[in-house]
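A short write-up of the structure that comes next.
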Amino acid sequence: MNLTVTQVLFFFFASCAAGSALAMVTRRNPVACAMWLIGTFFSVAAIYTLLGAYFIGIIQILVYAGAIMVLFLFVIMLLNLGNDYEDDIRGTGWKIAAGGAGLIIIALLGRVFAGDLPRPLGNAAGPGMLAAAQAERGVVGLIGIPLYNEYVVPLQATAILLLVAVVGAVVLAKRKV
Amino acid sequence: MLLLQEAAHGAAALAEGNGFTPVLPWLIVGLPLLGFVLNGLLSVTAARRALPTLPPVGDPYYDHAHDDHGHAAAAPAHALAPAHAHAAVGAGEPSEQESLDHGVDAHPVDRAAARDEAHDAHGHDVHDAHAHDVHDAHDDHAAGGPKPFTHTLPSLIAPGVLIGSFVLAVLNFLAMKNAGEGARLAIAEGWSWMPVGNLHVDAALQLDPLSILMTLIITGVGSLIHVFSIGYMKEDPGYPRYMAYLNLFVFFMLMLVLGSSYPVMFVGWEGVGLCSYLLIGFWFREKANADAGKKAFIVNRIGDFGFLVAMMLLFWNVGALDFATVNQTLLAGGSGVEFAGPVITAIALFFFLGAAGKSAQIPLYIWLPDAMAGPTPVSALIHAATMVTAGVYLVVRSSVIYTMAPSASLVVALVGALTAIFAASIGLKQWDIKKVLAYSTVSQLGFMFAAVGMGAYVAGVFHLMTHAFFKACLFLGSGAVIHAMHHALHSTHNPADAQDMRNMGGLRKYLPVTFLTMGVSTLAIAGVPPFAGFFSKDEIIGAAWLGAEGSSHLSGATLFGIHGSTWMGVIGVILSIAAFMTAFYMGRMMLYTFFGDNRTGDQERKHLHEGDWTLTLPLIVLGILAVVGGFLNVETHVPIVQLFNFGQGEALHHWLHPVLAGSDDVIAQNVGRLEEPVHALWPIALAIVIGLGGLALAAAMLGRRRLQTAEVQPAYQGGVEKTLYNKWYVDELYDRVVVKPVGGLSRLFARFDMGVLDWIVDLFGRLAQMFGIAFGRLQTGQVNTYAFVLIVGVLIVLGSFVAL
Amino acid sequence: MNEIPLSYSLGLSAILFGIGVAGVIVRRNAIVLFMCVELMLNAVNLAFVALSPYAGVEGQVFVFFVIAVAAAEAAVGLAIMIAVFRHRESVDMKNFSLLRW
């Protein structure tokens, strides 16, 4: 089998991601779940890098693993869920249902992805085109320039969204004074 | 030959309708309607003011007051009445409280009746301390002051509109008379009522000799009865309502006779049925009265069904429903309806079913005796002079149809004759004076139907007219008698029945005018010349004999295999016997009421007296008409009496000739020339013998009989007597054969409806409920479950895309 | 970079998504449930990034937005859970079934 280094690395990180995800779903300790999720995020970030989406990969680590998961852990700790935690996985029937649903989803999605996917940019497009664009604009510019030119409105909207989220979180979580 | 030409000419003129100009025809119909509206408004508004709260049911003054049926259940009334201190009676104004308690409609301001008041004040003084009871109703308590809205106005409006209509009718009659023989038809168009496809029914009035004659009778006799009602009903709290209903009735009746097509006639037909119900059940707080009204209406409806079917058949086969077009089409023969065919026979028979319901023939006569529960003027107007004659009018109006269906005609004649004798037999043994007259009406209607059934349309209309005169006179006279008896019995608080002949006797001393007019009318109905009834009845029975000899167009027809001439001979015999019975029971009635010793009671006798002019004037007028009315259609071959004719004999026959021209045409086309009738004199002699003989036999058998009052007089013992008294148990038979099975069937259907159908409907409700509960369980509140269901949905959608 | 076949990346995305689905169904702890949702979002991000060489840079721009929105959502959602915890002393979903039949 002729595998390049990239492909080997990909398989490695893919199995890490999948395994971490499985572990996350099956742990009882919420803290353990969080940690495994962080593992998944790191693996996925690695895969982003392998795919050539450097900026997204870094952002994944910074924001997802670094901010969001930290927030999760803060909350878990705040609610003191790490210690006497009860068994919070549903019964056997539901486990079977969940497993079945998951497998069917994977199968269906797999069938979809295995078929012909639409190519909006034509058959010539591919990783090479991405690399060329990246070389021309830079890693950050690849995303930054479209963001601030064509997609400035969603950008501003997202900014407002974040502001609202911050305010909302503060309001919701604070004790009544 | 001449007859044929005349017939053709008349028919053509009638069809063309190039007649005289009618004088305000719509006003003839519209005035009574206006009267109804005004009186109705008065009854709704003013009466409410006069009697703010209704007394409880069973209140002696309000409910029993006018129970013409008698006061059998009078006893409980005593307990209910509040004790009243009667103020000193006289002309003094009563206190407000008293007038309210008494019902403010006690008496109008018309102090012309002071004579009555003074009279009763006498008796009343004696009973000052008594509580109100049944009999106080008619007593003249101190009058409650002027009552313009509830008494004066209706008394003016109701007879006023009638007299107005009568005047207009007379004007139209004169215009018609002056227009000459061929021009006596006018159609006053109203509006296009039902232009539907091929059917064009207009709301229009038809003025021709027949309808104007009926209009004169209705408005003329009606006016007299309205005047009578003023005196008779003035003490009743529902006086404006009564006048409103009377006017409404006249309006509908006029629509019936003046309509130019069967549907317009049917509007009037049903309307008079409705008014009959309203007026029979006028004192509806007594259940018996309300039941009588219901019975009348329901039996009438059975007849209405026949009328409707006939109309539909007529439209289906002929294509039109107005009289002119129907007659033309049938005569021309273009519609495919054959002479004596099944279609025309069916139409004729169904129309007769309608007529049997409205005019109380066998088997639908049962409502008329019960209808005596209504006020007596109502009986006079509706059940003697007008509504019950609607059936006869229908047959005469449809003379073309009946002439084209000889077997149906014979059926009509036969049923009429049988009814005549059947009802006469029941009348022989009745004690209630109004019941005698009721059965007499049924019997006389039978005569009329026998006449028109035999093709003697003019004789039937003639008898209708004379019967209106003398029967209205008889009913009003009995009303006057009952009025006097009420006064007398109430003055002594006697609970006896004021209508029972056993309580009367020797009244000719106390009620001379009533006695005279009723006597004249009795002679008329018995068929004694030269009074009215003799001529009309003789013509009918004479037509039967002529038909038996072969001079009628029906003589050759067959019914059930027997020749028409044979039938008509049988009919002649039956009618003669019925006439004999008529004379007998009318004589019996007069004997028991007016002759012999008075059985009312010593105390009561002092209070027997005539009513005021409103009661006696109509009686006198009708009495005169009962005497001279017969001369309108004297047959030319009767000697002597031609002196009194209007220049030519058989005036009515000539007058109605254009209307019956169509029927004559049918005879000419299909039956051919008829034999010239040979007018013998023996039928006239026979009629005179029957009339006088019946009266004489009554006088001989019953003259010396000593009757006792109703409570004491022994009841009928024998089988025949009891059967006749109990009306041949027909009501009981109907109850057993029709009413109870229908009731049982209804209960069965009700059980089915409630049990099965409701169960099915409830089932849907229950199913919805079960589904609701079942599906409700899906909502567990668990987010995980919801997510699972959502994912299942996604799987399904995704799966369908992938699979496709 | 062009050596990783598209279908592999998409397949991984599918697997991660399926695992996330199973987790959502079977976990009762509200916070862990939320984390499984984040996992599903990540799987979608992976799919976007894998397709972006063939569909344009918009794929990665969209991932950027998804991450931002996920952050906002996480903040608010956790704030809500804190508030709920104050009432119920528990984040177990079986205690929050008041909207049942």
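Protein chains in written order, with the numbering used here: chain W, 1463 to 1639; chain D, 9 to 812; chain V, 16 to 116. C-beta atoms are modelled at their ideal positions from N, C-alpha and C, and glycine is treated no differently.
Asked                                                                                                                                                                                                                           : Found
If I measure Cβ to Cβ from residue 1603 of chain W and keep anything under 6 Å in the same chain, skipping five residues before and after, which residues do I get?                                                             : none
If residue 732 of chain D and residue 437 of chain D are in contact, beta carbons under 8 Å, what's the gap, nearest whole angstrom?                                                                                            : 4 Å
Can you name the residues of chain W whose CB is closer than 7 Å to the CB of residue 44 of chain V?                                                                                                                            : 1492, 1550
Within this structure, are the beta carbons of residue 388 of chain D and residue 248 of chain D separated by less than 8 Å?                                                                                                    : no
Measure the beta-carbon distance from residue 34 of chain V to residue 1525 of chain W and round it to whole angstroms, keeping in mind my assumption that it falls under 8 Å.                                                  : Their Cβ separation, rounded to whole angstroms, is 22 Å, which puts residue 34 of chain V and residue 1525 of chain W out of contact at 8 Å.
Going by beta carbon distance, what residues of the same chain come within less than 6 Å of residue 32 of chain V, once the five residues before and after it are set aside?                                                    : 55, 58
Determine the extent of the alpha helix (DSSP H) in which residue 330 of chain D is found, giving its start and end residues.                                                                                                   : No alpha helix (DSSP H) contains residue 330 of chain D, which DSSP labels as neither H nor E.
Please tell me whether residue 493 of chain D and residue 576 of chain D are closer than 8 Å, where the distance is taken between their beta carbons.                                                                           : no
Helix, strand or coil, according to DSSP, for residue 613 of chain D in the structure here?                                                                                                                                     : helix
Please report the distance separating the alpha-carbon of residue 584 of chain D from that of residue 695 of chain D.                                                                                                           : 8 Å
What number of angstroms, rounded off, separates the C-alpha of residue 277 of chain D from the C-alpha of residue 237 of chain D?                                                                                              : 24 Å
Compute the distance between the beta-carbons of residue 404 of chain D and residue 218 of chain D, then report whether it is under 8 Å.                                                                                        : yes
Does residue 25 of chain V come within less than 8 Å of chain D when only Cβ atoms are used?                                                                                                                                    : no
Curious, which full-length beta strand (DSSP E) runs of at least 3 residues does the segment 545-590 of chain D contain?                                                                                                        : none
If contact means a Cβ-Cβ distance below 8 Å, which residues of the segment 99-115 of chain V contact chain D?                                                                                                                   : 108, 109, 111, 112, 113, 114, 115
Considering only the alpha carbon of each residue, which of D:574, D:720, D:555, D:491 lies closest to residue 620 of chain D?                                                                                                  : D:491
Taking residue 726 of chain D as the reference, give the member of D:720, D:207, D:734 with the closest Cα.                                                                                                                     : D:734
Taking its Cβ as the centre, do 16 or more other Cβ atoms sit within 10 Å of residue 295 of chain D, making it buried, or is it exposed?                                                                                        : exposed
Are the beta-carbon atoms of residue 36 of chain D and residue 176 of chain D separated by less than 8 Å?                                                                                                                       : yes
Closer than 8 Å is the cut-off here; do at least three beta carbon pairs connect the segment 549-569 of chain D with the segment 475-491 of chain D?                                                                            : no
Report yes or no: do the segment 589-601 of chain D and the segment 462-472 of chain D share at least 3 C-beta pairs separated by less than 8 Å?                                                                                : no
Out of D:467, D:353, D:160, which one is the CA nearest neighbour of residue 659 of chain D?                                                                                                                                    : D:467
Between which two residues does the alpha helix (DSSP H) holding residue 75 of chain V run?                                                                                                                                     : 73-103
Using 8 Å as the cut-off, can you tell me whether the segment 600-609 of chain D makes contact with the segment 445-462 of chain D, which would need three or more C-beta pairs spanning the two stretches below that distance? : no
Please classify residue 204 of chain D: does DSSP put it in a helix, a strand, or coil?                                                                                                                                         : strand
Short of 8 Å in beta carbon distance, which residues of its chain neighbour residue 199 of chain D, apart from the five on each side in sequence? Order them along the chain.                                                   : 210, 211
Please report whether the beta-carbon of residue 40 of chain V lies at a distance below 8 Å from any beta-carbon of chain D.                                                                                                    : yes
So is residue 241 of chain D buried or exposed if we call it buried at 16+ other beta carbons inside 10 Å?                                                                                                                      : buried
To the nearest angstrom, how far is the alpha carbon of residue 408 of chain D from that of residue 699 of chain D?                                                                                                             : 34 Å
Taking buried to mean at least 16 other C-beta atoms within 10 Å of its own C-beta, is residue 1558 of chain W buried or exposed?                                                                                               : exposed
Is residue 198 of chain D helix, strand or coil when you go by DSSP?                                                                                                                                                            : strand
On the premise that residue 634 of chain D lies in contact with residue 532 of chain D, defined as a C-beta separation below 8 Å, what is that separation, rounded to the nearest angstrom?                                     : 4 Å
Does the contact criterion of 3 or more C-beta pairs under 8 Å hold for the segment 1543-1558 of chain W versus the segment 40-53 of chain V?                                                                                   : yes
Using a threshold of 8 Å, state whether the C-beta atoms of residue 268 of chain D and residue 331 of chain D are closer than that.                                                                                             : yes
Given a limit of 7 Å on CB to CB distance, which residues of the segment 1558-1582 of chain W reach chain D?                                                                                                                    : 1559, 1563, 1566, 1567, 1570, 1573, 1574
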